[in-house]
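Report on the structure given below.
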Amino acid sequence: MSGVVVSLPAMREIETIVVGGGPAGSTCARRLRRHGRDVVVLDKATFPRLKLCAGWITEKVLRDLEIAPGDYPHPMLPLDIRSHLRGVPFALRWFPTPGKNYSIRRIEFDAWLLARSGAEVIRHDVRSIRREDDRWIVDDAYACRWLIGAGGTMCPVRRAVFPGQRSKSRQIVTLEKEFFHPAREDICRLYFKRGLVGYAWVVPKGDGHVNIGLGAKAKHLRKSGTDIHAHFRAFLDDLIAEGRLDAATAAGLNETGHPYYLFTRDGAVRADHCLLIGDSAGLATMDLGEGIGPAVESGLMAADEIVGQGTWDKGKVTLFSLAGLAQRLMRAANRRHLPAA
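My numbering puts the sequence shown at residues 89 to 429.
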């Protein structure tokens, strides 16, 4: 009796697989490549890809990424910030963050960082992950010693290896829209007066783009019975009343959103040579929900652990975006979520 022998493709062996090509994943991959390590980035998207984000980066982010003036080939707009506070009839030309702030478009920024990393990037939607002996097996197609979860809030690595470790009290939900709007002003406006446990923003970007959005704690929205879409539309009405947005443009906006998590000391980020970084680890700053800075820091620390030059410790990421008295007040308000000294 004769039969047909089917040859199955061999499983590819890689030292480190990074699942997710955003700032956390690309930063980790770049440092590993600079140490001559074998690393592949898997991402379900093809870059450049649209990424909803206010796109706020700080001086520290640029230092951590080793981006010198003139390195970045796309617009990077210095932010001139105005703070609008409840009960204050005028905007304050003040915002207590250390150093300068800039805006970027994530569709450009993420693709550039990933290309700069020098890592091989494979378009692949990760479906299954299992531990076999001392290796991680991904979709029976890849095997690795180190597995890095950098796929954002819904990262498949987090779901497979660290299930059920989300604190609902730390969840933030957002609605926003980024669009070409040459009539926008070159001023970043932050609004802390909508009755949200959060804030709204208008962030100008290069080449005539702008990001308008708001974010709030999901727990507050549930308890108050308020709808975030209604908050967003009311915010647009405020901008129209202030003369910062025209009614026709506002009516044509189709806002979309996503959830993510503020930092909390609860929840593991390491197990058997598997590390979570960036939004998959829930690292956004506890005051403004800034995610890019902690993502970059976590990617660097994870790579340092793999090459034997450090340890990934989420308690060492930047916890607050604000400085001075504002940070001290936020520390007091968030004391139970801070890492142990």
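Glycine is no exception: its CB is placed at the ideal position from the N, C-alpha and C atoms.
Small disclaimer: the values here were computed from a predicted structure and weren't measured.
message: isoleucine 365 and glycine 303 - do their beta-carbons sit closer together than 9 Å?
response: Glycine 303 places its beta carbon 9 Å or farther from that of isoleucine 365.
- request: May I have the straight-line CA-CA distance separating leucine 202 from proline 186, to the nearest angstrom?
  value: Their backbone Cα atoms lie some 27 Å apart in a straight line.
query: Per DSSP, what kind of secondary structure is proline 157 in: helix, strand or coil?
result: In the three-state scheme derived from DSSP, where H, G and I count as helix and E and B as strand, proline 157 is classed as coil.
- prompt: From which residue to which residue does the beta strand (DSSP E) around aspartate 326 run?
  reply: Where aspartate 326 is concerned, there is no enclosing beta strand (DSSP E), although the alpha helix (DSSP H) it sits in stretches over 316-329.
- prompt: Which whole-angstrom value describes the C-beta separation of alanine 207 and valine 291, a residue pair presumed to lie in contact below a C-beta threshold of 8 Å?
  reply: In fact, because the Cβ distance is near 29 Å, the residues do not count as touching under 8 Å.
field: Cβ pair count under 8 Å reaching 3, the segment 146-165 against the segment 417-427
entry: With fewer than three CB-CB distances shorter than 8 Å, the segment 146-165 does not count as touching the segment 417-427.
- request: To the nearest angstrom, report how far apart lysine 311 and tyrosine 230 are at their CA atoms.
  value: Their backbone Cα atoms lie some 44 Å apart in a straight line.
field: Backbone secondary structure at tryptophan 200 - three-state DSSP
entry: Helix, per DSSP.
task: Report the rounded CA-to-CA distance for arginine 100 versus methionine 389, giving the unit in angstroms.
output: Spanning the two alpha carbons is a distance of roughly 26 Å.
- request: Give the straight-line distance between the Cα atoms of lysine 404 and glycine 398, rounded to the nearest whole angstrom.
  value: Whole-angstrom Cα-Cα distance: 12 Å.
message: Measuring straight from C-alpha to C-alpha, what distance separates arginine 137 and glycine 110?
response: Pairing arginine 137 with glycine 110, the inter-Cα distance amounts to about 10 Å.
- prompt: In whole angstroms, what separates the C-alpha of lysine 281 from that of histidine 308?
  reply: Between the alpha carbons of lysine 281 and histidine 308 lies a distance of about 15 Å.
message: Excluding the 5 residues flanking leucine 413 on each side, which residues of the same chain have their C-beta closer than 8 Å to its C-beta?
response: Correct list, in chain order: Pro184.
field: Reduced DSSP category for glutamate 385 - H, G, I as helix; E, B as strand; rest coil
entry: In the structure shown, glutamate 385 sits in a helix (DSSP, three-state: H, G or I).
query: Could you give the distance in angstroms between the alpha-carbon of lysine 139 and the alpha-carbon of arginine 194?
result: Cα atoms of lysine 139 and arginine 194: separation of roughly 6 Å, rounded to the nearest angstrom.
query: Just the Cα atoms here: how many angstroms apart are arginine 423 and arginine 416?
result: Whole-angstrom Cα-Cα distance: 10 Å.
field: Distance between beta carbons of isoleucine 105 and valine 226, contact taken as under 8 Å
entry: Cβ-Cβ separation between valine 226 and isoleucine 105: approximately 6 Å, consistent with a contact (criterion under 8 Å).
task: Could you please give me the residues that DSSP links to glycine 301 through a beta bridge?
output: Looking at the DSSP assignment, glycine 301 forms a beta bridge with Glu264, Trp289.
- prompt: Just to confirm, are phenylalanine 268 and histidine 297 a CB contact at a threshold of 9 Å?
  reply: When the beta-carbon positions are compared, phenylalanine 268 and histidine 297 come within less than 9 Å of each other.
Sub-9 Å separation of arginine 258 and threonine 352 beta-carbons: Between arginine 258 and threonine 352, the CB-CB gap stays under 9 Å.
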